[in-house]
Each structure stands twice: as structure tokens, then as C-alpha cells.
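First the structure, in the form of C-alpha cells, and then the observations on it.
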Amino acid sequence: MFTGIIQAMGTVASIQSQHDGARLRIDCPELEPANWQTGDSIAVAGCCLTALDIDERGFSADLSGETLARTSLGQLEQGGRVNLEPAMAVGDRLGGHLVSGHVDGLARLVTLTPLGDNWRLRFELPAALARFVAEKGSVTLDGVSLTVNAVDADAFEVNIIPHTLAVTTLGRLEEGQTVNIEVDLVARYLDRLLAQRDN
0 MFTGIIQAMG
10 TVASIQSQHD
20 GARLRIDCPE
30 LEPANWQTGD
40 SIAVAGCCLT
50 ALDIDERGFS
60 ADLSGETLAR
70 TSLGQLEQGG
80 RVNLEPAMAV
90 GDRLGGHLVS
100 GHVDGLARLV
110 TLTPLGDNWR
120 LRFELPAALA
130 RFVAEKGSVT
140 LDGVSLTVNA
150 VDADAFEVNI
160 IPHTLAVTTL
170 GRLEEGQTVN
180 IEVDLVARYL
190 DRLLAQRDN
């Protein structure tokens, strides 16, 4: 599990095709990855990946064809930046909200509107996910825990403060780009439970 509080931005050192997927290499020395263990879970742009080939500079991770097709990781290029969060440990402070690292789809940035020092970002989302996004509810974008400020039939808006702009990749977004979206975990399970009750 994760919290949606980004610990660092990593740099894509390489991404190499292999079989039906790819091998991703991330540099992130500020996170002291040498203290991790092979098999640890790391959220990369909101996607839960398994850390491999760990050293003092970074780690590698294998990406399946499914991951490449359904997330923004398939669009990564060498030198690109990604949000990183190691999995939380028992007893860690939950600063954002409960995040699984299982991406539900891609949301497209429609507009960026300045609001003083902040920015309001409006995203289109897949129709199948619309019912899970509620005003003042939580959503995860590229691994960042955010509060939904407004929502309508096929889009929602979030406000981004200067700190978040500076320490995550959201500050580098341009209109038309897509981000990984994970809807609120509790909303997803409630929807499933209610559907089962009605059957």
C-alpha cells in the first residue's frame, strides 16, 4: 500500500523492450535505494512495481505488456521524470489516502488555469470511472494524492499548490498529456459490494 505522498522524482535511465514487455531502469539516489531489498514495492508514476537490480543509484523493474498498454509507463523515454513512493510500512503516517498502486486508467489534461500561485487542472476521465470520482473525494494522479474540487459527467478538477508543482511531475504537465489515475479504493469496494447486494 501507498499514501500518494511522493518521496522523490526519479529519472528514467533506460527502458528496453523485452519479450512482451520492457525493463525499466530508474535513477533515484536521494531515496537511498541501497537500503531496499529485491522484491520491494515501489510506486512509479502511481504504478506499483517490483524493485530489481537495486544499487546505490537506483533500481530496475519489469513492465508487462498489460502495464505498457494501460498506463502512461508505455510513453516513458530516457531522461523522463517519474514520481516515486516506496510502499508504506506498518506504523507509517498516512498523509494522503490509501493508494493501491493499481492504475484504473488514463486521464487527459484538458486545461491548466492559474489561480494566484496555484493552478487548477481539469482532466477528462474514462466514462467507466466517472462514478468513482466525487467532489471533495480523493483521487491519485501519477501517484499523487489529491482532493477533487469539482466534477461533472466526464471531467473533474483539482487544485495544485506550489509545493506539489515543485516536487512532483504534475508541475511539468502540458495540456493534452495523459496521467495515470487511480480512483479511491473505498469507493471502488463500496461499488462492488452494492452491485453484489442488488443481484
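Following numbering that gives the first Met the number 0, the numbering of the sequence shown begins with 0 at its first residue and continues without gaps. The beta carbon of each residue, even a glycine, is placed where N, CA and C say it ideally should be. Here the structure is a predicted model, which means the values were calculated and not measured.
Review point. How long is the line joining the alpha carbons of M87 and F1, rounded to whole angstroms?
Key: 5 angstroms
Check your understanding: How far does the alpha helix (DSSP H) with G68 in it reach, from first residue to last?
Key -> What sits at residue 68 in the sequence shown is Ala, not Gly. First-last of the alpha helix (DSSP H) with A68: G64 to R69.
Exercise for review: Thinking A106 and L67 are a contact (beta carbons under 8 angstroms), I'd like their distance in whole angstroms, please.
Suggested key: Actually they are not in contact, since the Cβ atoms of A106 and L67 sit about 18 angstroms apart, beyond 8 angstroms.
Exercise for review: Pull up the DSSP beta-bridge partners for M8, would you.
Suggested key: N82
Point to revise | Run of the alpha helix (DSSP H) containing P161, from where it starts to where it stops | key: P161 to V166
Check your understanding: Beta-carbon separation of L75 and A7 under 7 angstroms?
Key -> no
Review point. Can you tell me whether DSSP reads R171 as helix, strand or coil?
Key: helix
**Study point:** Rounded straight-line distance, which links the Cα of V143 to that of S99
**Key:** 12 angstroms
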